[in-house]
Each structure stands twice: as C-alpha cells, then as structure tokens.
Amino acid sequence: MRTIPPALQEKLDSGVTTLARCWKLTRRDGTVQGFTDHDEDLAIEDVICRAGTGLTASEATGTFGLAVDSTEISGALSSELLSEADLAAGRYDAAQVETWLVDWSEPSLRVLTARGTLGEVRREGPAFTAELRGLADLLSQESGRLYTAKCSADLGDRRCRFDLTQPAFHAAGSVTSLEGTSLFAASGLDGFTPGLFSEGRLLWTGGANAGTAVEVKEHRIVGGEVRLSLWQAMAEPIAPGDAFTVTAGCDKTFATCRNRFANTLNFRGFPQIPGNDFIISYPTPNVTSP
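The opening position of the sequence shown corresponds to residue 777 in this note's numbering, with each subsequent residue numbered one higher.
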C-alpha cells in the first residue's frame, strides 16, 4: 500500500497542477541516474533528476492478477546523460527503475508509484523509446532447476566452481587485423588449443568498447594466425590494437567437463537422461534371421 504524505494528498484533492514525474534508474554496474519530465532539475533523496532530456511517459495501466503491467518512456539521447553508445552496449539492459510522482514546487512531497525493470529499447535517430516492465514480469521468467543432459551452470560461476583465473584457461590479447564486423585476428593467444575459447567470454579492456563483454562464437587458427569471431557486432567498431581478456568456453557436455576441466563433481546436468529418440521410440518384434 502506498503512503501519500498528507500535504501532497491535499494538493491532489484540490486539483493542483504542480506535479511532475521522476525516474530513478539503477544500472547493473551500480550507476544511478535520475530523469524528470519537469523543466527544471528535481532532487529525489540524494539523486538529481535531470531535466532537458525531453523525457515523457505513456499512459500507465494496472491490472489485478498476474498480468504484467507496463508503460513506456521516450526521450532524446544525450552524450552527457543517456548516450546511444551506452544503450547499444547493453549497459541499460534490465536496469531497475523507480517512478515517482513529485510536487515540483515542494519536491519533498512525493510518492513512489511504481517499480520495475527496463525492457526493450527502440532507437530512431536522436530519440529513444524504452519499455518499463512491472514486477510481475519476474513471474513469467523461467526459474528453478531444469533436468537436461547438458550442464545448467555457467563456467566459473558459484555452481560450477571452476577457477578460470588459471593461466591455462585465461589470456590477454589484442586485435591485429579485422576480417569482418565481428571477426578478427588476435595476438597473445598463441599456444592455446584451437576451440578452447569458443563459447567463452571476451571482455574489452581497451578501445571504443572498453568495459563491454561479449560471447566468443569460434576460436580457430587459420594460416598460423589466431582468429576469433563473436556472436554479435559490437556497439562501436573494433579497431586494430584494441585490447581484451578472454576466458575458456564450455559446451556444457559431460565429456567436455571431464576431459577439458576435470570438474565432473560439479557437473550440473544429467547425461544419462533419456533423449527425444527414446521418448518417441516404440517396441518392435524380434526378427530372427533365416
């Protein structure tokens, strides 16, 4: 239940028009930003909600039951507040958003109207539109353990427990030449078995994409050169000299867990589980040869 300050309730009952909306956004890296549709900056606790972004919100709808409530906010991209590069790099993916109704003439009079996460973001020129998903969205997401033949853990996480900082499974390198948008030759990876970094994690430590991580699609050697291809194009162009670190990948099969990582005690799959062929099979009569 929302608690509305009595002074704010009086203004609401009187039909006051000194109201504005503010959004407090917390990214997964801990960065906190504030925005408002008012024409002057407003303070929400210790966060300054910046004006001048052209931020507006669509009509919000609320429903009973487990249906997901959602609304949209739209505004202008700004290099100082909300840049296109940060959006494209995924720095705002699943960010936590608080929506406040504030009396701009007395910002201490405010009420929290909604909490949610940032969903799909659409960009068009210098503008953007972002979907705000309500808390009920968490109920529609898959949770709990799945019984599959492959491992359900991610290599190196608390369930896998494998130490990826070992020199044999971790390397630092740099781009030497580009073969395509997401395909490049790299130095610093000599001596590693081809395929070791396939499905691994690459973190850019230099260049225009510094701080951004991406999954490696394929690690191979062609003509004596190490080549890495990525699953997706980066937000900013990759350039020769860009530095990165990369860790080994895992296809999550029992054989790889045993042979490459010797980590079968922490394998989180069920390799003996019957597959689809077993489920759809049927008994056949014995046929004796003549």
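No residue lacks a Cβ here, since even glycine has one placed at the ideal position from N, Cα and C.
Can you look up residue i in the DSSP assignment and give me helix, strand or coil?
{"i": "Asp789", "result": "helix"}
{"i": "Ile1055", "result": "helix"}
{"i": "Glu900", "result": "strand"}
{"i": "Glu860", "result": "helix"}
{"i": "Arg1034", "result": "helix"}
{"i": "Leu1041", "result": "helix"}
{"i": "Leu888", "result": "strand"}
{"i": "Phe1020", "result": "strand"}
{"i": "Leu911", "result": "helix"}
{"i": "Leu784", "result": "helix"}
{"i": "Ala836", "result": "Any reading at Ala836 needs caution, since the residue's pLDDT is 49, under 50, leaving its predicted position unreliable; the model's value is listed next. Note: Ala836 maps to coil in three-state DSSP."}
{"i": "Leu842", "result": "Low confidence applies here, because Leu842 scores a pLDDT of 44, under 50, leaving its location unreliable; read the following figure in that light. Coil."}
{"i": "Phe973", "result": "coil"}
{"i": "Ala947", "result": "strand"}
{"i": "Glu816", "result": "coil"}
{"i": "Leu931", "result": "coil"}
{"i": "Gly956", "result": "coil"}
{"i": "Trp880", "result": "coil"}
{"i": "Trp1007", "result": "coil"}
{"i": "Lys926", "result": "coil"}
{"i": "Gln1048", "result": "coil"}
{"i": "Gly806", "result": "coil"}
{"i": "Arg797", "result": "strand"}
{"i": "Ile824", "result": "strand"}
{"i": "Gln942", "result": "coil"}
{"i": "Ala1015", "result": "coil"}
{"i": "Ala865", "result": "coil"}
{"i": "Leu978", "result": "strand"}
Indicate whether residue i and residue j have their beta-carbon atoms separated by less than 8 Å.
{"i": "Gly810", "j": "Trp799", "result": "yes"}
{"i": "Leu979", "j": "Phe1020", "result": "yes"}
{"i": "Arg886", "j": "Val897", "result": "no"}
{"i": "Ala929", "j": "Arg1044", "result": "yes"}
{"i": "Val1076", "j": "Asp966", "result": "In the structure displayed, the chain extends from 777 to 1066; residue 1076 sits before or after that span and is not available."}
{"i": "Thr988", "j": "Ala1011", "result": "yes"}
{"i": "Arg909", "j": "Gly932", "result": "no"}
{"i": "Asn1042", "j": "Arg937", "result": "yes"}
{"i": "Arg804", "j": "Glu860", "result": "no"}
{"i": "Phe968", "j": "Ala948", "result": "no"}
{"i": "Ser881", "j": "Thr794", "result": "yes"}
{"i": "Val1022", "j": "Gly976", "result": "yes"}
{"i": "Pro1047", "j": "Ala925", "result": "yes"}
{"i": "His995", "j": "Pro970", "result": "yes"}
{"i": "Asp1053", "j": "Ser950", "result": "no"}
{"i": "Ile824", "j": "Asp817", "result": "yes"}
Would you mind giving the Cβ-Cβ distance between residue i and residue j, rounded to the nearest angstrom? I have them listed as a contact below 8 Å.
{"i": "Lys993", "j": "Cys927", "result": "Between Cys927 and Lys993 the Cβ distance is about 19 Å, and since that is not below 8 Å, they are no contact."}
{"i": "Leu894", "j": "Tyr868", "result": "6 Å"}
{"i": "Thr802", "j": "Ala871", "result": "6 Å"}
{"i": "Ala1031", "j": "Pro1013", "result": "In fact, because the Cβ distance is near 38 Å, the residues do not count as touching under 8 Å."}
{"i": "Ser963", "j": "Thr952", "result": "5 Å"}
{"i": "Leu959", "j": "Ser1005", "result": "4 Å"}
Determine the burial state of residue i: buried for a count of at least 16 other Cβ atoms within 10 Å of its Cβ, exposed for fewer.
{"i": "Leu911", "result": "exposed"}
{"i": "Ile1055", "result": "exposed"}
{"i": "Val808", "result": "exposed"}
{"i": "Tyr923", "result": "exposed"}
{"i": "Ala796", "result": "buried"}
{"i": "Trp1007", "result": "exposed"}
{"i": "Thr875", "result": "buried"}
{"i": "Ile1049", "result": "exposed"}
{"i": "Arg826", "result": "buried"}
{"i": "Ala906", "result": "buried"}
{"i": "Asp939", "result": "exposed"}
{"i": "Thr812", "result": "buried"}
{"i": "Ala865", "result": "buried"}
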